[in-house]
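Asker: Have a look at the structure that comes next, please.
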């Protein structure tokens, strides 16, 4: 097992990977070619934030969002999962339905849970259309293969550190927070944004705890919804072409980061 950790994100036409100081993105263009770009991260959180519970999760989220902007500038061909018109329409429909449910629910916890579930609609549309789910599986496979010194084709398409593990606790914490505020007459976008940020920070801490305590009943229960979501919605078994794209991103990231560890060619050999 390698000491360094690599994160990533599936695109509509490729894979984005990022390490401690750099990112690499590979996409397959309309003519079938693989385009690869990489760069150093322009924003990395200050080191002291890593020791502040709650804030460190938000710092990582900000770092990931900043990388997306860099990718779009360096590789215009990269298509983010939420750029499709169907996904945008799903987001608008979910927002309208959520507002209606919230008005009828009067700030109840059940209404807030319903609003949260409706908020998942755009992600589900993005994952089930096109190749996003397959590229998500390819991303997981090449990362796991590099970490384990194995071949990508032999690895599972689900990954233990996938961000989908944050979805269930974020949804639950956001629903509870919004319900409590509304019962006290606190409403509006600012209050909702504050609740979402607090929920994201707390969800990150719960996930980090479950990672450290894997094998315990509570830790496994916290990760169960994320594993289920990956298996049913979030990933699909990638084909050779999708694995080739993910492998190209991995090779470029390892080159730029000069990461020690398992050989990228070993991970790619089963692709």
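Numbering (our numbering), first residue to last: 9 to 279. No residue lacks a Cβ here, since even glycine has one placed at the ideal position from N, Cα and C.
1) If you draw a straight line from the C-alpha of residue 169 to the C-alpha of residue 243, how long is it?
2) Give me the DSSP bridge partner(s) of residue 17.
3) Using 10 angstroms around the beta-carbon of residue 36, count the other beta-carbons present and answer buried if the total reaches 16, otherwise exposed.
4) In terms of residues, what are the limits of the alpha helix (DSSP H) holding residue 204?
5) Between which two residues does the alpha helix (DSSP H) harbouring residue 150 extend?
6) So residue 184 and residue 30 are in contact, right, with Cβ under 8 Å, and what is the actual spacing, rounded?
7) Residue 34 and residue 22: beta carbons closer than 8 Å?
8) Could you check what DSSP says for residue 127 in three-state terms: helix, strand or coil?
9) Please name the residue in 100, 173, 151, 131 whose C-alpha comes closest to that of residue 229.
10) With DSSP run on the structure shown, which of helix, strand or coil describes residue 44?
11) From residue 279 to residue 110, what does the alpha carbon distance come to, in whole angstroms?
12) Using 8 Å as the cut-off, can you tell me whether the stretch 136-147 makes contact with the stretch 105-124, which would need three or more C-beta pairs spanning the two stretches below that distance?
13) Distance check for residue 221 and residue 78, CA to CA, integer angstroms please.
14) Just to confirm before moving on: does the CB-CB distance between residue 32 and residue 261 stay below 8 Å?
15) Using CA atoms only, rank isn't needed, just tell me which of 103, 115, 151, 118 is closest to residue 130.
16) DSSP three-state label for residue 35, please.
17) Measure the C-alpha to C-alpha separation of residue 62 and residue 53 and round it to an integer number of angstroms.
Answerer: Short version:
1) To locate residue 169, count along the chain shown from 1; it is residue 161. To locate residue 243, count along the chain shown from 1; it is residue 235. Straight-line Cα distance between these residues: approximately 14 Å.
2) Start at 1 with the first residue of the chain shown, and residue 17 comes out as number 9. DSSP, once it has assigned bridges, lists 24 as partnering residue 17.
3) Here the question's residue 36 lines up with position 28 in the chain shown. Answer is buried; the Cβ neighbour count reaches 16.
4) Counting from one through the chain shown, the residue named residue 204 turns up at place 196. Taken as a continuous stretch (DSSP letters only), the alpha helix (DSSP H) holding residue 204 covers 197-220.
5) Your numbering for residue 150 matches position 142 in the chain shown. Counting along the chain, the alpha helix (DSSP H) containing residue 150 begins and ends at 140-156.
6) The sequence position of residue 184 within the chain shown is 176, counting from 1. The sequence position of residue 30 within the chain shown is 22, counting from 1. That pair is no contact at about 38 Å.
7) Translated into positions along the chain shown, residue 34 becomes position 26. Translated into positions along the chain shown, residue 22 becomes position 14. With contacts defined as CB atoms closer than 8 Å, residue 34 and residue 22 qualify as a contacting pair.
8) One-based indexing of the chain shown puts residue 127 at position 119. Per DSSP, reduced to three states, the secondary structure at residue 127 is coil, with no helix or strand assignment.
9) As a position in the chain shown, residue 229 is number 221, starting the count at 1. It is 173 whose Cα lies nearest to the Cα of residue 229.
10) For this step, residue 44 is matched to residue 36 along the chain shown. Strand, per DSSP.
11) Position 271 of the chain shown, counted from the start, is the residue given in the question as residue 279. Position 102 of the chain shown, counted from the start, is the residue given in the question as residue 110. Unreliable positioning characterises residue 279 in this predicted model, as indicated by a pLDDT of 49, which lies under 50. The coordinate reading is nonetheless provided below. Rounded to the nearest angstrom, the two C-alpha atoms are 47 Å apart.
12) In short, these stretches do not touch, since the Cβ pair count stays below three.
13) As a position in the chain shown, residue 78 is number 70, starting the count at 1. As a position in the chain shown, residue 221 is number 213, starting the count at 1. Cα-Cα distance, rounded: 35 Å.
14) Position 24 of the chain shown, counted from the start, is the residue given in the question as residue 32. Position 253 of the chain shown, counted from the start, is the residue given in the question as residue 261. Yes.
15) Within the chain shown, the letter at position 122 stands for residue 130. The candidate whose alpha carbon is nearest that of residue 130 is 103.
16) Here residue 35 refers to the residue found at position 27 when the chain shown is read from its first residue. Collapsing the DSSP output to three states places residue 35 in a strand.
17) Position 54 of the chain shown, counted from the start, is the residue given in the question as residue 62. Position 45 of the chain shown, counted from the start, is the residue given in the question as residue 53. Going by C-alpha positions, residue 62 is about 14 Å away from residue 53.
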